[in-house]
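For reference, the structure discussed in these notes is given below.
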Amino acid sequence: MSGHSKWSSIKHQKGVTDARRGQLFTKLTKEIIVAVRQGGSNPEANFRLRLAIQKARDSNMPMENIERAIKRGSGTLEGAILVELVLEGYGPSGVAILVQALSDNRNRTLQEVRNTFSRSGGSLGDSGCVAWLFESKGLITAETKDSDAEELALQAIDAGAEDVNIDGDPIEIYTKPEELEIVRAALEQQNLAIASAELSMIPKTMVEAEEKAALQALKLLDKLEGLDDVQHVFTNIDFSDATLEKYRAEV
1072 MSGHSKWSSI KHQKGVTDAR RGQLFTKLTK EIIVAVRQGG SNPEANFRLR LAIQKARDSN
1132 MPMENIERAI KRGSGTLEGA ILVELVLEGY GPSGVAILVQ ALSDNRNRTL QEVRNTFSRS
1192 GGSLGDSGCV AWLFESKGLI TAETKDSDAE ELALQAIDAG AEDVNIDGDP IEIYTKPEEL
1252 EIVRAALEQQ NLAIASAELS MIPKTMVEAE EKAALQALKL LDKLEGLDDV QHVFTNIDFS
1312 DATLEKYRAE V
C-alpha cells in the first residue's frame, strides 16, 4: 500500500496549505447532502452521514456550514439534485485510476473527466475496467508527533486495525469498512491525534512506472482532484521517493 500512502501524504500536505479550502468545503457539503438524501438527517441512524460530518469537522469546516448542508439534503433548504458517479480509467503507462464524483450534471462531469484524462496522457475506460483492482477499506490517518510510530501501530492493531503503514507522517491505519468508527473511537480514547478517518478504495496490488510516466500520473491525479465535481481519486501506482521529491519541487 506504499504508493497509496505516498499519494495520500501529498494530498494531506496540500490540504494543510492549499488555497483551495473553499473548494474542499464545497466537496464536503456535497457529501453531507447526498448522505442525508440517502439515509436521513439523523447521524445516529446514518453511518455515511456520521462519517461525512466527522470528515467536515476534521477539516475545520464551520458547524453552521455543516448544519446548512444537512438542511439542504433534507429539503429544508433548496439545493441541486446530485448524482454519484464512479469513473474508471488509465493513466500514463496504463496505471489504474478510479474517480468518485458528485454532480448536478452528469454529462458535464463526464466530459470534464474525459478531457482531463486525455490531456494528461491517460484515457477514460469503460465501467468495471479497473474497479476490480481496488477494495473498500476504512482509512485513518494519525499524527505521530513525538510518539514512536511502531508503538502507535501496535495500539492500532490492538484497537482492531487490519494493517498499519508507518512509512511517513501521518501514519495510515486500515480497517474493515464497518469497523472504521470503532477503531477511531478506540484510538481517540488512547489520545492518538487523528487527522482524518474515511472510507477509501485501496489498491490490491501496486505497479511501478518509470519517472517520466510517474510524474505525468501525479499531474493527472492532481488535475482530477482539482475538478469541482470530483470527490476522491485513487490509483495503484507506486511512486518512488525521488519522483515525489521532483514533483514537490515542480508544484
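Following our numbering, the numbering of the sequence shown begins with 1072 at its first residue and continues without gaps. Even for Gly, the Cβ is constructed at its ideal location relative to N, Cα and C.
Item	Value
Is Q1182 near the ligand COA, judged by its Cβ being under 7 Å from some heavy atom?	The ligand content of the structure shown is nil, which means the ligand COA is not present either.
Taking all protein chains shown into account, decide if M1132 is buried (16 or more other Cβ within 10 angstroms of its Cβ) or exposed.	buried
Cβ of A1268 within 8 Å of Cβ of Q1125?	yes
Could you tell me the alpha carbon to alpha carbon distance between K1101 and E1243, rounded to whole angstroms?	25 Å
Closer than 7 Å by C-beta to L1195: which residues in its own chain qualify, once you throw out the five before and the five after it? Chain order, please.	L1158, G1160, V1184, R1185 and F1188
State the DSSP-derived secondary structure class of D1309, mapped to helix, strand or coil.	strand
Hey, how far is the Cα of F1305 from the Cα of G1239?	19 Å
Out of S1164, Q1182 and E1222, which has the shortest C-alpha to C-alpha gap to V1278?	S1164
Using a threshold of 8 Å, state whether the C-beta atoms of A1280 and V1166 are closer than that.	yes
By Cβ distance below 7 Å, which residues in the same chain neighbour I1265 in space, the five residues on each side in sequence not counted?	I1211, A1213, R1255, L1258 and E1259
Please classify K1098: is it buried, with 16 or more other beta-carbons within 10 angstroms of its beta-carbon, or exposed?	buried
Kindly list the residues whose CB is nearer than 7 Å to the CB of K1216, restricted to its own chain and excluding five residues on each side of it in sequence; keep chain order.	A1264
Determine the contact status of G1146 and I1168, defining contact as a CB-CB distance below 8 Å.	no
With a CB to CB cut of under 6 Å and the five nearest residues on each side skipped, what residues in its chain are close to L1298?	E1183
Give the secondary structure of A1172 by DSSP, where H, G and I count as helix, E and B as strand, and everything else as coil.	strand
Under the assumption that V1107 contacts L1122 (Cβ atoms under 8 Å), give the Cβ distance between them as a whole number of angstroms.	About 12 Å; that fails the 8 Å criterion.
Which value, in whole angstroms, describes the spacing of the CA atoms of A1224 and R1319?	28 Å
Go ahead and label L1292 buried or exposed: buried means 16 or more other beta carbons lie within 10 angstroms of its beta carbon, across all protein chains shown.	buried
May I have the straight-line CA-CA distance separating E1321 from A1232, to the nearest angstrom?	36 Å
Just verifying my parser: in three-state terms, what is the DSSP assignment at A1264?	strand
Who are the Cβ neighbours of L1289 in its own chain at under 6 Å, not counting the five residues just before and after it?	Y1318
Looking at the structure shown, is T1276 part of a helix, part of a strand, or coil, going by DSSP?	coil
The alpha helix (DSSP H) that contains E1183, what's its start and end?	R1177 to R1190
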